[in-house]
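Inspection log for the structure reproduced underneath, given as structure tokens.
Residue numbers (UniProt numbering): 1 to 507.
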């Protein structure tokens, strides 16, 4: 995910390290070749700060450095939540393929993880490798790949913490960065620099773990895009979820053969959706004014209200190292309720309904990756399922929310009709997963009915869509029921979901 680019500190520009684009294997080998020398000197935080002072780098104002660190910490918190779900729903499952791979295959995936991490922020991310001198590919391969899993678990909170306190940033310090040294540096006025260094290390390791797992899944590496920020051109991987507006007037000379330069939108502070063309976000007025001049974006008034319990700690105030940790919890109680209402999360079980462990696993994945409508778990990683049309996707996710929170048999059967359209071995494997999620009896009946009756009538969800669009609640949304319709604005999406819920009550 692109972020505000920073200049590389001069003391990071170390000699003898090749460009990672010229070969990630040689790049990493060069770092690991020099790590014993760094370890012998003691890679302490004091050493890093003295190197920065000796480099005579242009000073960065404390408020600027804190604002940059705060932005990075917030995005790191989101990435760590995705990493947690990927780990618990796949890598840490007993049948996952990681330890069954050959050492050569695991090493190739880890090299790919390093490469993708560097490509997410080519200016700075490659330099963060120096802060991870305690981590080598050989150490991660220990005990048939167990070293990688051990590092992964350091960035995973306990399920109790997730359920009761929300998820905030997790940090794994370099062994030489002792708590005593951190206290000394903070007491001597270097707390901002300490926070930045710890963030850089955690950002690199989290990104490496996340991208290595995606490589194992077989997820293709996104292409690079060129984008403008602050009048300067940068590159990043194009993950597809970040809306891009072509800034044609800023393209390099050369006509159609030149590399397009995009302007990127902003993410909502509450729901984390991205700003789209024709749907401009608002900013917090207090933070936007002098002397703070910090832009906090919201897609709607509802999101701004739901984020207030967290945001009020820094609204209109300068960021400090203390509040960085306090304000990076991903969800507050209000924002969770808002996310459930917008179908971005499945929400809690209702009444006496007891969810199976398999269903909880599905919900964990869908909550953190709301752009996916369902997922089939296999030994090589999750295989997501996504419907092509806004109306289909929204109604399907609404039906999933009801099924997953109440166990409604009609909704479960409707899900099966969509997910199991044909009688194939692959569908049978998916049916087994659905049986584990919702129960053998209800899914077996739905699966049998799907195979024998589906071609003689319209699927249940399609019938519900037609009835909703034909009602007074949904008639104004008929134009959205085509494949190539752009995703509507957030306010229209919110209204669509509200009207769908009202129709469901009275259908």
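Here a beta-carbon is modelled for each residue, glycine too, at the ideal position from N, C-alpha and C.
- From the listed residues 299, 187, 270 and 293, the smallest Cα separation to residue 279 is found for 299.
- Comparing alpha carbon positions, the residue from 194, 20 and 475 closest to residue 178 is 194.
- Contact between residue 410 and residue 461 does not hold, since their C-beta atoms are separated by about 11 Å, which reaches or exceeds 8 Å.
- Counting C-beta pairs with one atom in each stretch, the region 195 to 215 and the region 104 to 117 have three or more that are closer than 8 Å, which means they touch.
- When the beta-carbon positions are compared, residue 148 and residue 382 stay at least 8 Å from each other.
- For residue 392, the enclosing alpha helix (DSSP H) starts and ends at 390 to 406.
- With respect to the C-alpha of residue 499, the residue from 482, 433, 470 and 487 having the closest C-alpha is 470.
- In the structure shown, residue 372 adopts coil according to DSSP, grouped into three states.
- Taking a contact to require three or more Cβ pairs closer than 8 Å, the region 346 to 353 and the region 283 to 293 do not qualify as touching.
- Taking 8 Å as the cut-off, the Cβ atoms of residue 223 and residue 238 count as close.
- Annotation for residue 448: no residue places its beta carbon closer than 6 Å to its own, counting only its chain and skipping 5 residues before and after.
- Taking the Cβ atoms as the reference, residue 504 lies roughly 11 Å from residue 474, outside the contact range of under 8 Å.
- The beta carbon of residue 145 is closer than 6 Å to those of 98, 99 and 106 in its chain, skipping five residues each way along the sequence.
- When DSSP states are grouped into helix, strand and coil, residue 223 belongs to the coil group.
- In terms of Cβ geometry, residue 377 and residue 171 do not form a close pair [threshold 8 Å].
- Rounded to whole angstroms, the separation of the alpha carbons of residue 181 and residue 199 is 16 Å.
- Nearest to residue 358 by C-alpha distance, out of 477, 437, 407 and 338, is 437.
- DSSP lists 298 as the bridge partner or partners of residue 282.
- Annotation for residue 93: no beta strand (DSSP E) segment contains it, and DSSP assigns it neither H nor E.
- For residue 377, the pairing in a beta bridge is given by DSSP as 382.
- Residue 497 sits close to residue 394, with the two beta carbons spaced by under 8 Å.
- Shown here, residue 365 sits in a helix according to DSSP, grouped into three states.
- In the structure shown, residue 170 falls within a coil segment according to DSSP collapsed to helix, strand and coil.
- Apart from sequence neighbours up to five positions away, the residues of its chain that approach residue 398 with a beta-carbon distance below 8 Å are 343, 497, 500, 501 and 504, ordered along the chain.
- The alpha-carbon of residue 220 is positioned some 14 Å away from that of residue 108.
- When DSSP reads this structure, residue 274 sits in a beta bridge with 267.
- Following the DSSP letters along the chain, one finds residue 178 in no alpha helix (DSSP H), marked with neither H nor E.
- Burial is judged here by how many other beta carbons sit within 10 angstroms of a residue's own beta carbon; residue 466 has fewer than 16 and is exposed.
- Across the structure, residue 81 and residue 480 are spaced so that their CA atoms are roughly 32 Å apart.
- In the three-state DSSP reduction, residue 244 falls in the strand class (E or B).
- DSSP, read as helix, strand or coil, puts residue 99 in helix.
- For residue 233, the enclosing beta strand (DSSP E) has its first and last residue at 232 to 237.
- Going by C-alpha positions, residue 472 is about 16 Å away from residue 463.
- Apart from the 5 residues on each side of it in sequence, residue 275 sits with its Cβ closer than 8 Å to the Cβ of 243, 265, 266, 267, 268, 281, 297 and 299 in its chain, given in chain order.
- Nearest to residue 304 by C-alpha distance, out of 318, 272 and 293, is 272.
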